[in-house]
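Structure record follows, encoded as structure tokens.
In this note's numbering, the protein residues as written are 3 to 132.
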């Protein structure tokens, strides 16, 4: 008598169901991880921009610089006396008040892959909104 080698249809269906269950668990976790990475990139850029603002102010009689960076995959340096290049796909908009006493600035960061999420940092260094 010859023995048959291979898998039965039931065994194959069970494997497919198990793979489906694992995918149903893993895909939402992966999506959540990507969202956290986008927020981390925005927060890191806000902190780095804060450092660049303070360096700029030290060289510019205490004045801060208005910064507007469009979110692009290949960002360029801010320039104009400020040594700062944002992360890819992160957009930044800074509002500066150099006439106030003390002088102030507020920066909002967005990520092109995370629509609707905006992180904001003020001169005090507190990041809010994300």
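For glycine and all other residues, C-beta sits at the position ideal for the given N, C-alpha and C. Please read all numbers here as calculations on a predicted model, not as lab measurements.
Does residue 22 come out as helix, strand or coil in the three-state DSSP assignment? Here residue 22 sits in helix by DSSP.
Quick check: the Cα distance between residue 54 and residue 88, rounded to an integer number of angstroms? Rounded to the nearest angstrom, the two C-alpha atoms are 11 Å apart.
Distance, Cα to Cα, residue 31 vs residue 40? Taking the straight line joining both Cα atoms gives about 15 Å.
Looking at the unbroken beta strand (DSSP E) that takes in residue 121, where does it start and where does it end? That run of the beta strand (DSSP E) goes 120 to 124.
For residue 1 versus residue 106, is the C-beta distance shorter than 8 Å? Nothing can be reported for residue 1, as the shown portion of the chain is limited to 3 through 132.
Exposed or buried, which one is residue 72 when buried takes at least 16 other CB atoms within 10 Å? Exposed is the call here.
Could you spell out where the beta strand (DSSP E) holding residue 96 opens and where it closes? Bounds of the beta strand (DSSP E) holding residue 96 are 92 to 99.
With respect to the beta strand (DSSP E) encompassing residue 74, which residues constitute its N-terminal and C-terminal limits? Segment: none, residue 74 is in no beta strand (DSSP E) and carries neither H nor E.
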